[in-house]
Amino acid sequence: MSLDSPISPDIDELWEHRATLTPDDQDARATVVDAVNLLDNGTARVASVDPDTDEVVVDQRAKRAILLSFRVLEMTESTVGGFHHHDRMPLKERFDGVRVVPGAIARWGSYLAPGVILMPSFVNIGGYVDTGSMVDTWATVGSAAQIGRNVHLAGGAGIGGVLEPPNAAPVVIEDDAFIGSRSMIVESARVRRGAKLGAGVILTKSTRVFDAETGDELPRGEAPAWSVCVSSTRMKKFPGGEFGMPCLLVLKRLPEGSGHDKLALNDILRDHGIAS
89 MSLDSPISPD IDELWEHRAT LTPDDQDARA TVVDAVNLLD NGTARVASVD
139 PDTDEVVVDQ RAKRAILLSF RVLEMTESTV GGFHHHDRMP LKERFDGVRV
189 VPGAIARWGS YLAPGVILMP SFVNIGGYVD TGSMVDTWAT VGSAAQIGRN
239 VHLAGGAGIG GVLEPPNAAP VVIEDDAFIG SRSMIVESAR VRRGAKLGAG
289 VILTKSTRVF DAETGDELPR GEAPAWSVCV SSTRMKKFPG GEFGMPCLLV
339 LKRLPEGSGH DKLALNDILR DHGIAS
């Protein structure tokens, strides 16, 4: 599905002849800058979840604006203290109500709601991080990734980005989720509300998901709402032999509204022989 866009339809016209655009096209540049500014201040966003259909809807025009910015902005050098940057995309300048720890980087065109905490981390253009969420040390929010409210991206977690094709859904991490250290959530995968993912989880759109208690297979590429999940493997036969293929294992269902409690999560993992 496509999201109704607050961005000017002039972006669609520019997209049709994008191959000819250069930084010398001042009118095109002004149009694109206006569009990305709407992403930067949260007026527009690349994607959201439709509350009626539960589908991820994408604002293709927002994605097009981001992609066009790489054509109409020239390379410039900037400095922040002793750090030098040479890029087409400037750094974000407005952090209203956001705590930004030294070493954190957010690019222009990303949105950070009041109450967000950025440890030394990286948020790319088009990324959206809602209020109360923490992007912990060395965690990454990729291009157009959507992070809900009260989410904790633990140290080194990687939330993948996707810009092309423009209609491709980005990674969506819904409200109240916990993404364990060094986990990788990529390729339009979705972590539903309140899901808690253990350390090192790999979740892609095609990852198979199984319920540990019943053995039932669940929708691919999704961590179920209010659940505790870990990475696992399933055996599959190939012409060259039998090999373990990665999957996501749902260990336990949580009461709706369960908050982030690291001790409780560790207890669940320990009960299943996973944590020491």
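Here the sequence shown stands for residues 89 to 364, where the numbers follow our numbering.
All C-beta atoms, glycine included, are put in the ideal place defined by N, C-alpha and C.
Since we're looking at a predicted model, the values are computed, not measured.
Output yes or no for whether 8 Å exceeds the beta carbon distance between residue i and residue j.
i	j	result
A232	A135	yes
C335	S315	no
V144	A313	no
L285	F266	yes
V239	I261	yes
P208	W196	no
Could you give the first and the last residue of the continuous beta strand (DSSP E) run that contains residue i?
i	result
L179	Where L179 is concerned, there is no enclosing beta strand (DSSP E), given that its DSSP letter is neither H nor E.
P258	Where P258 is concerned, there is no enclosing beta strand (DSSP E), given that its DSSP letter is neither H nor E.
A339	This sequence places Leu at residue 339; Ala is not what is there. From DSSP, the beta strand (DSSP E) with L339 extends over 329–341.
V144	144–146
A135	135–137
V297	296–299
D175	171–175
On the criterion of 16 or more Cβ atoms from any shown chain inside 10 Å, does residue i qualify as buried, or is it exposed?
i	result
A153	buried
T75	Nothing in the structure corresponds to residue 75, since the chain is present only between 89 and 364.
Q234	buried
R322	exposed
D142	exposed
S271	buried
A107	exposed
Q148	buried
E252	exposed
V189	exposed
S364	Note on S364: pLDDT 45, under 50, position unreliable in the model; the coordinate value appears next. Exposed, by the Cβ-count rule.
D264	buried
E310	buried
P254	buried
S221	buried
S166	exposed
Counting along the chain, where does the alpha helix (DSSP H) carrying residue i start and finish?
i	result
E104	98–104
A116	114–128
S198	Careful: S198 lies outside any alpha helix (DSSP H) and carries neither H nor E.
Assign residue i to one of three DSSP states: helix, strand, or coil.
i	result
V160	helix
R322	strand
T108	helix
A153	helix
I193	strand
A311	strand
M222	strand
D92	coil
L251	coil
G215	coil
S166	strand
E305	strand
M272	strand
Excluding the 5 residues flanking residue i on each side, which residues of the same chain have their C-beta closer than 8 Å to its C-beta?
i	result
S198	L127, D128, K180, V211, N212, I213, G214, G215, Y216, V217, V229
R176	S157, F158, L161, E162, M163, T164
G130	Y199, A201, Y216
Residues in the same chain with beta-carbon distance under 6 Å from residue i, minus the five sequence neighbours each way, listed in chain order, please.
i	result
E305	F298
I99	A123, R149, R152, A153
In chain order, what residues of the same chain lie with their CB nearer than 7 Å to the CB of residue i, ignoring the 5 residues before and after it?
i	result
G243	D224, T225, W226, A227, S269
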